[in-house]
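This report refers to the structure that appears directly beneath it.
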Amino acid sequence: MVILKSKPEIEAMRKAGQLVAACHKALAPMVRPGGTTREIDSFVEDMIVRNGGQPFTKGYKGYPYATCMSVNDVIAHGFPGDEPLKEGDIITIDIVARLDGWLGDSAWTYAVGNIAPNAQKLMRVTKECLELGIRRAMPGSRLGDITSAIQTHAEKNGFGIVRDLLAHGIGRSLHEQPSFMHVGKPGKGMRLKEGMVFTIEPMLTEGSHYMTIDPDGWTARTFDRKLAAQYEHTIALTADGPLVLTAQ
Ligand code: MF3
Ligand code: CO
Numbered sequence: 012m013v014i015l016k017s018k019p020e021i022e023a024m025r026k027a028g029q030l031v032a033a034c035h036k037a038l039a040p041m042v043r044p045g046g047t048t049r050e051i052d053s054f055v056e057d058m059i060v061r062n063g064g065q066p067f068t069k070g071y072k073g074y075p076y077a078t079c080m081s082v083n084d085v086i087a088h089g090f091p092g093d094e095p096l097k098e099g100d101i102i103t104i105d106i107v108a109r110l111d112g113w114l115g116d117s118a119w120t121y122a123v124g125n126i127a128p129n130a131q132k133l134m135r136v137t138k139e140c141l142e143l144g145i146r147r148a149m150p151g152s153r154l155g156d157i158t159s160a161i162q163t164h165a166e167k168n169g170f171g172i173v174r175d176l177l178a179h180g181i182g183r184s185l186h187e188q189p190s191f192m193h194v195g196k197p198g199k200g201m202r203l204k205e206g207m208v209f210t211i212e213p214m215l216t217e218g219s220h221y222m223t224i225d226p227d228g229w230t231a232r233t234f235d236r237k238l239a240a241q242y243e244h245t246i247a248l249t250a251d252g253p254l255v256l257t258a259q
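Numbering (the numbering used here) for the sequence shown: 12 to 259.
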């Protein structure tokens with residue numbers, strides 16, 4: 012069941028989304044060679060709490076941290092740690108904050124210093140996939156209009172698109188309906204309605220789109236250990252079109 016949100020509810024969700032966006036903006040300078048993902052995680056946790064929110068992933072289904080820190084071949088749900096970031100790494104930082112009962116969810120891939128051209132291209136195309144998907148998030152369209160645009164752009168550029176982790180409706184809960192892969196066909200799938208709020212969060216891979224999970228039970232890596240990138244926004248469907256609640 013899809014839980015539609017009213018205009019005041021979307022406005023409340025935008026406040027949660029803006030807290031997540033502010034965290035991304037503030038942490039960006041901390042992503043540098045020699046920095047650690049643990050210090051960035053602590054910074055984000057503090058910032059959410061200082062602003063009256065809760066770091067929602069901490070304790071969610073047993074996930075232990077306020078952020079997910081996914082370096083290089085890690086697709087998603089990597090743990091923060093003490094190993095310093097190295098020049099040339101790419102890192103996806105995923106943040107979910109709750110504010111006044113409402114959630115915002117956004118992930119972003121960052122370059123650590125100078126990165127190789129292949130990593131630059133993977134980041135650029137993944138971000139373009141998110142932007143193409145958002146543009147098609149209109150009341151009256153269908154989910155397949157969003158997901159096919161993403162899949163086509165990823166595959167045209169020679170990248171894999173992860174199927175095993177899903178985009179999701181979001182509101183007072185992190186995972187509501189609809190729940191969907193970032194692949195599909197135009198004109199197919201659920202009809203989109205004003206008041207729907209969901210994430211669009213394409214994960215692209217340099218090679219195989221298959222993944223493995225580490226023994227920690229969380230860290231999702233590419234099967235072939237090649238790079239992955241992800242960009243995620245929380246989107247509300249309004250009569251005027253998509254509203255990006257986590258816009259930076
Ligand atoms: N952005 C992730 C998601 O889409 C956040 C969940 S990570 C978890 O579900 F560890 F909390 F599950
Ligand atoms: Co999400």
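Beta carbons are placed, not taken as given, at the ideal position from N, Cα and C, and that holds for glycine. Predicted, not measured: the structure shown is a model, and the values here were computed from it.
Near ligand 4: residue i beta-carbon under 7 Å from a heavy atom
i            : result
glutamate 94 : Because ligand 4 does not appear in the structure shown, any question about it cannot be addressed here, the ligands present being ligand 1 and ligand 2.
Between the CA atoms of residue j and residue i - distance to the nearest angstrom
i                : j              : result
tryptophan 229   : leucine 15     : 30 Å
threonine 249    : glycine 70     : 32 Å
aspartate 57     : tyrosine 76    : 12 Å
valine 136       : isoleucine 106 : 21 Å
phenylalanine 54 : isoleucine 86  : 22 Å
leucine 154      : isoleucine 161 : 11 Å
phenylalanine 67 : arginine 183   : 11 Å
valine 123       : cysteine 34    : 18 Å
tyrosine 221     : arginine 174   : 8 Å
isoleucine 36    : glutamate 166  : Before going further, note that residue 36 is lysine rather than isoleucine in the sequence given. Near 30 Å, if we compare the C-alpha coordinates of glutamate 166 and lysine 36.
Bridge partner(s) assigned by DSSP for residue i
i                : result
aspartate 105    : Cys79 and Ala118
phenylalanine 67 : Looking at the DSSP assignment, phenylalanine 67 forms no beta bridge with any residue, so it has no partner.
serine 190       : His179
proline 253      : Leu248
threonine 233    : Met222
Extent of the continuous beta strand (DSSP E) run through residue i
i              : result
glycine 73     : Run containing glycine 73: none; DSSP gives neither H nor E here.
glutamine 162  : Element bounds for glutamine 162: not the beta strand (DSSP E) but the alpha helix (DSSP H), 154–167.
aspartate 211  : Sequence inspection shows isoleucine at residue 211; the aspartate mentioned does not correspond to that position. Start and end: 208–211.
methionine 222 : 222–224
glutamine 241  : 239–241
alanine 87     : 85–87
Status (buried if at least 16 other CB within 10 Å, exposed otherwise) for residue i
i              : result
asparagine 129 : exposed
serine 190     : exposed
isoleucine 224 : exposed
valine 208     : buried
asparagine 83  : buried
glutamine 241  : buried
valine 60      : exposed
Boundaries of the alpha helix (DSSP H) in which residue i is found, first to last residue
i            : result
glutamine 29 : 18–38
threonine 48 : 48–61
valine 136   : 128–146
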